[in-house]
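To start, the structure under review is shown below, and the notes come after it.
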Amino acid sequence: MWHLLEPLHAVLYYAPEAVEEAAALGYATDERWPAYFAWRAAPLGPVDAGPVASAFYSFSPAMVRRYVPAAWRTAAPGDVLAARLRAVDRFYRRLLGDAVAGPELAEAAALARRAAEAAETAGRPLAAANAALHWPEEPHLVLWQAATVLREHRGDGHLAALLTAGLDPVEALVSFAAVGAAPVTTFASRGWSEAEWAAARDRLASRGLVTADGDATDAGRALRDDVERRTDDLAAGPWAALGDKAMAELAERVGGTWVAVLGAGLLPRENTLGVGKV
-8 MWHLLEPLHA VLYYAPEAVE EAAALGYATD ERWPAYFAWR AAPLGPVDAG
42 PVASAFYSFS PAMVRRYVPA AWRTAAPGDV LAARLRAVDR FYRRLLGDAV
92 AGPELAEAAA LARRAAEAAE TAGRPLAAAN AALHWPEEPH LVLWQAATVL
142 REHRGDGHLA ALLTAGLDPV EALVSFAAVG AAPVTTFASR GWSEAEWAAA
192 RDRLASRGLV TADGDATDAG RALRDDVERR TDDLAAGPWA ALGDKAMAEL
242 AERVGGTWVA VLGAGLLPRE NTLGVGKV
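Dropping the structure here:
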């Protein structure tokens, strides 16, 4: 379900409509990060860099400080939230045409919302912040918001799994690259210096989790497998509440939108989440 719903959410960070809305708010758009931090952190309110770095986890705190709290001097979180919904609305209307008002999408939205509303958000700051937002009326926006709540719910649980495994933010990335989730160059987007990356690799090597060259050992692969299992276990609550039959119906109903989103060609083939690899 994560592989089906994550792309539906992630188009926010790549759609040309989102770039236009970000520019209208006053964000620089020659790189994706000013808008990215605003879009994703806005549900938390006008917070400083510390809470954002904590909630996002894998980004270098130095990188977060470059964009937060500057994001809120450009636009207030409420204005950002309104703009991101406009961006999603415009993108999906362009992508889906008349199907945006079709029964299949409406049924998918209703099922996804049921799952999202069943998500337990205690100890999950990004899931809780998004779950507290007002639900839009249009089915395609309901589907997007539900996908957002569910992906942040899973993401918050993933951080708990990383902490349990004893992996700090940069070690989490080094160990993920080590099992082939994406090339090391892809993870450079998280802002860690070469020295910080090398130091994390050395720490993992001292634990027997990677080789000196950064490849995962058997122990390292086992640890990452355990992290993924724990992540799935912690993400299972909304789907258990929805039930197998309804979950299968959601997978079927959302399939056409999923194919359309992937077919738009906006999402990168290599990504730091391991979509398509893990």
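Under our numbering, the first residue of the sequence shown carries the number -8, and numbering increases by one thereafter. Glycine included, every Cβ here is placed at the ideal spot set by N, Cα and C. Model, not experiment: these values are computed from the prediction.
Legend entry - Cα-Cα separation, residue 64 to residue 75: Near 17 Å, if we compare the C-alpha coordinates of residue 75 and residue 64.
Legend entry - Contacting residues, own chain, Cβ-Cβ under 7 Å from residue 95 (five flanking each side not counted): Here residue 95 has 244, 247 as same chain residues with Cβ atoms under 7 Å from its own Cβ, once five neighbours each way along the sequence are excluded.
Legend entry - Nearest-angstrom Cα separation, counted from residue 54 out to residue 162: Straight-line spacing of the CA atoms in residue 162 and residue 54 works out to 17 Å.
Inset, instruction - Mark residue 185 as exposed unless 16 or more other C-beta atoms lie within 10 angstroms of its C-beta, in which case mark it buried. - result: Exposed, since its Cβ has fewer than 16 Cβ neighbours within 10 Å.
Legend entry - Integer Cβ distance of residue 249 from residue -5, believed to fall under 8 Å: The C-beta separation of residue 249 from residue -5 comes to about 5 Å, placing the pair in contact by the 8 Å criterion.
Inset, instruction - Using three-state DSSP, classify residue 2 as helix, strand or coil. - result: Three-state result, residue 2: helix.
Inset, instruction - Under 6 Å Cβ to Cβ from residue 26, same chain only, skipping five residues before and after it: list those, please. - result: These residues qualify, in order along the chain: 13, 18.
Inset, instruction - Enumerate, from N- to C-terminal direction, the unbroken alpha helix (DSSP H) stretches of 4 or more residues contained entirely within the stretch 94 to 166. - result: With a minimum length of 4 residues, the continuous alpha helix (DSSP H) runs that stay inside the stretch 94 to 166 are 94 to 108, 116 to 122, 130 to 155.
Inset, instruction - Would you check if the distance between the CB atom of residue 59 and the CB atom of residue 39 is smaller than 8 Å? - result: Cβ distance < 8 Å, so residue 59 and residue 39 count as in contact.
Legend entry - 8 Å Cβ cutoff met for residue 120 and residue 37: Cβ distance not < 8 Å, so residue 120 and residue 37 don't count as in contact.
Legend entry - Limits of the alpha helix (DSSP H) - the one that residue 181 falls within: Annotation: residue 181 is outside any alpha helix (DSSP H) and is labelled neither H nor E by DSSP.
Inset, instruction - Specify whether the stretch 87 to 101 and the stretch 152 to 161 touch according to this definition: at least 3 beta carbon pairs, one from each stretch, less than 8 Å apart. - result: Between the stretch 87 to 101 and the stretch 152 to 161 there are fewer than three C-beta pairs closer than 8 Å, too few to call the two in contact.
Legend entry - Buried or exposed by the 16-neighbour rule on C-beta atoms within 10 Å, applied to residue 2: So residue 2 ends up on the buried side.
Inset, instruction - Determine the burial state of residue 142: buried for a count of at least 16 other Cβ atoms within 10 Å of its Cβ, exposed for fewer. - result: With at least 16 other beta carbons inside 10 angstroms of its own, residue 142 counts as buried.
Inset, instruction - Could you name the residues of the same chain whose beta carbon sits closer than 6 Å to that of residue 32, not counting the 5 residues immediately before and after it, in chain order? - result: Its chain contains 43 as the residues whose beta carbon lies nearer than 6 Å to that of residue 32, once the 5 sequence neighbours on both sides are disregarded; these appear in chain order.
Legend entry - Continuous alpha helix (DSSP H) stretch holding residue 54: start and end: Element bounds for residue 54: 52 to 58.
Legend entry - Residues sharing a beta bridge with residue 207, DSSP: 201.
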